[in-house]
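Protein chains: 2
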Amino acid sequence: MTMTVKKAVVLLSGGVDSSTMLAIAKHEGYELYALTLDYSQRHSIELESAARVAAQMGVAKHLLVRTDFRGIGGSALTSETEVPKEGVTEGIPVTYVPARNTIFLSYALGWAEVLGAPDIFIGANVMDYSGYPDCRPEFLKAFEDLANLATKVSVEGKIKFGIKAPLLKMSKSDIIRKGLELGLDYSLTWSCYDPTPGGRPCGACDSCRIRAKGFEEAGATDPLAE
Amino acid sequence: MTMTVKKAVVLLSGGVDSSTMLAIAKHEGYELYALTLDYSQRHSIELESAARVAAQMGVAKHLLVRTDFRGIGGSALTSETEVPKEGVTEGIPVTYVPARNTIFLSYALGWAEVLGAPDIFIGANVMDYSGYPDCRPEFLKAFEDLANLATKVSVEGKIKFGIKAPLLKMSKSDIIRKGLELGLDYSLTWSCYDPTPGGRPCGACDSCRIRAKGFEEAGATDPLAE
Numbered sequence: 001m002t003m004t005v006k007k008a009v010v011l012l013s014g015g016v017d018s019s020t021m022l023a024i025a026k027h028e029g030y031e032l033y034a035l036t037l038d039y040s041q042r043h044s045i046e047l048e049s050a051a052r053v054a055a056q057m058g059v060a061k062h063l064l065v066r067t068d069f070r071g072i073g074g075s076a077l078t079s080e081t082e083v084p085k086e087g088v089t090e091g092i093p094v095t096y097v098p099a100r101n102t103i104f105l106s107y108a109l110g111w112a113e114v115l116g117a118p119d120i121f122i123g124a125n126v127m128d129y130s131g132y133p134d135c136r137p138e139f140l141k142a143f144e145d146l147a148n149l150a151t152k153v154s155v156e157g158k159i160k161f162g163i164k165a166p167l168l169k170m171s172k173s174d175i176i177r178k179g180l181e182l183g184l185d186y187s188l189t190w191s192c193y194d195p196t197p198g199g200r201p202c203g204a205c206d207s208c209r210i211r212a213k214g215f216e217e218a219g220a221t222d223p224l225a226e
Numbered sequence: 227m228t229m230t231v232k233k234a235v236v237l238l239s240g241g242v243d244s245s246t247m248l249a250i251a252k253h254e255g256y257e258l259y260a261l262t263l264d265y266s267q268r269h270s271i272e273l274e275s276a277a278r279v280a281a282q283m284g285v286a287k288h289l290l291v292r293t294d295f296r297g298i299g300g301s302a303l304t305s306e307t308e309v310p311k312e313g314v315t316e317g318i319p320v321t322y323v324p325a326r327n328t329i330f331l332s333y334a335l336g337w338a339e340v341l342g343a344p345d346i347f348i349g350a351n352v353m354d355y356s357g358y359p360d361c362r363p364e365f366l367k368a369f370e371d372l373a374n375l376a377t378k379v380s381v382e383g384k385i386k387f388g389i390k391a392p393l394l395k396m397s398k399s400d401i402i403r404k405g406l407e408l409g410l411d412y413s414l415t416w417s418c419y420d421p422t423p424g425g426r427p428c429g430a431c432d433s434c435r436i437r438a439k440g441f442e443e444a445g446a447t448d449p450l451a452e
């Protein structure tokens, strides 16, 4: 009798969403291949968080791929534009990185093809990030269609790729509740776009505000805020 | 009276195809933004060729984005697998790089969004590279659909992206004839996957063979073979 373990490539930033998603994929029984893209973020704290979360979740492999978005520009996260601190506003935020999820999914697809992993997990979410076009279900469906046309293994009929976004319609508090239920240690995760010189969350950027609200609504305490 | 110059992002490797495509886009009157992805190729000669061709064509900007495919693996071009020297064979070659064109187009899309460039040129070709799934028209169409769902500028109705593949159904000799007609200096281009220690084309890899056949059928002399 042969046991087949299903592999998944999981895009992991080290934030609340992708870390929780990794815990969900683990719970679903996948052999986990975590992929972190280092796109010249301002702070390496995110990358260290990703490594710690991957270790806690017992991934088969954690791959860090270095790349460079600075030349492309167009975002407060990859250029010298100020990270906004005035609270979450309407519309597409300046922290939007052009084509980021398209680029991330493309790398994940390349690795998934090499690994023979049919499923690719991405922490896209339409509740808290309604402003990002590349978090919408129609975008994810279009990428899935593309993936099945783009690769040798899919064209040869060996793999049908699926893009999985289990967080898509979960609120931040739903996500945090789920992660706590699955034993995720949120002290390992990181959310802040603009940490203090001492390496603490700023508490004022969009990402800090969304995280704080999520923990509050989940009736839980953020270990990073203690 | 306002003159509007249409911008294009052109994926440029420095090989025969993408260099000719850059000449075609120039001839069509675009303001040119050449994008070269350095994906840990074995040889930097390709990158130098891209820079020289971009300079000859008078591009507005040539952007080199460094990235890393080695961790992903799966190709003779990005790993320690031997480059085959026994001639062009049937099927998908081992030089196929998983999801390469998907990744390349994703970066081009990010830059095109920042620049406000509606058109993205890729040197995909179904004649000489029939084995690559991500050179087929259905793949390119799927990426175009994705691009128009993926980005802020397209979702807001400011830009409709088009993926242009003018070489799609041209033979190598057609491409070379076209480039010569447009004044492209092929001594600036590079094709070999596995150059000699002295920095000359090997003459035996698939890419050298296809190039030699193309020049022969075009009735022209390859300046690199002189």
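Protein chains in written order, with this note's numbering: chain A, 1 to 226; chain B, 227 to 452. Ideal Cβ positions, reconstructed from N, Cα and C, are used throughout, including at glycine. A quick note: this is a predicted structure, and the numbers were derived from the prediction, not measured.
Sheet register partners of A/G162 (DSSP bridge): Bridge partners of A/G162: A/D119.
Between the CA atoms of A/I163 and A/E144 - distance to the nearest angstrom: So the two alpha carbons sit approximately 6 Å from each other.
C-alpha distance - A/P223 paired with A/T36, whole-angstrom precision: 23 Å
CB contact below 9 Å: B/K390 versus chain A: For B/K390, the answer is no, since every Cβ of chain A falls outside 9 Å of its Cβ.
Cutoff 9 Å: A/K152 Cβ touching any chain B Cβ: At least one chain B Cβ lies under 9 Å of A/K152.
Beta-carbon proximity check, A/G230 vs A/K158, cutoff 9 Å: Residue 230 of chain A lies beyond the range of chain A shown here (1 to 226); nothing can be said about it.
Range of the contiguous alpha helix (DSSP H) that encloses A/R211: 206-217
Exposure of B/K386, with buried meaning 16 or more beta-carbon neighbours within 10 Å: exposed
Within 9 Å, strictly: CB atoms of A/L11 and A/F104: yes
Three-way DSSP call (helix, strand, coil) for B/L406 in this model: Reduced to three states, the DSSP call for B/L406 is helix.
Beta-carbon proximity list for A/R52, same chain, < 8 Å, skipping 5 on both sides: G14, L188
Three-state secondary structure assigned by DSSP to A/K61: Correct three-state label for A/K61: strand.
Sub-9 Å separation of A/G183 and A/A23 beta-carbons: Contact flag set, yes.
Minimum Cβ-Cβ distance from B/R426 to chain A less than 9 Å: Chain A, which has no Cβ nearer than 9 Å to the Cβ of B/R426, makes this no.
Closer than 9 Å to chain B by CB, A/V65: yes
Chain-ordered residues of the region 158-192 of chain A with a beta carbon less than 9 Å from chain B: For the region 158-192 of chain A, which is checked against every Cβ of chain B, not one residue is closer than 9 Å.
Sequence-distant residues of the same chain with beta carbon closer than 8 Å to A/V65, five excluded per side: Only L35, T36, L37, D38, Y107 meet the Cβ criterion.
Selection of the region 325-340 of chain B by Cβ proximity to chain A, strictly under 9 Å: A325, R326, N327, T328, I329, F330, L331, S332, Y333, A334, L335, G336, W337, A338, E339, V340
Any C-beta of chain B under 9 Å from that of A/S13: No, A/S13 lies away from the interface with chain B (no Cβ there is under 9 Å from its Cβ).
With 16 other Cβ atoms within 10 Å as the buried cut-off, status of A/R200: Exposed, since its Cβ has fewer than 16 Cβ neighbours within 10 Å.
Contact check, A/D17 vs A/L149, beta carbons under 9 Å: no
Candidates B/P344, B/S433, B/P359, B/E339: closest to B/K398 by CA position: B/S433
Contacts that B/D360 makes with chain A (C-beta to C-beta distance below 7 Å): A150
Cβ of A/L77 within 9 Å of any chain B Cβ: Because A/L77 carries a pLDDT of 49, less than 50, the predicted location of this residue cannot be relied on, and the following value inherits that uncertainty. Cβ-Cβ to chain B under 9 Å: no for A/L77.
Buried or exposed (CB count within 10 angstroms, at least 16 for buried), A/R70: exposed
Strand pairing of A/L37, partner residues [DSSP]: A/V65
Same chain, Cβ closer than 6 Å to B/A391, five either side skipped, listed in chain order: I348, A350, L366
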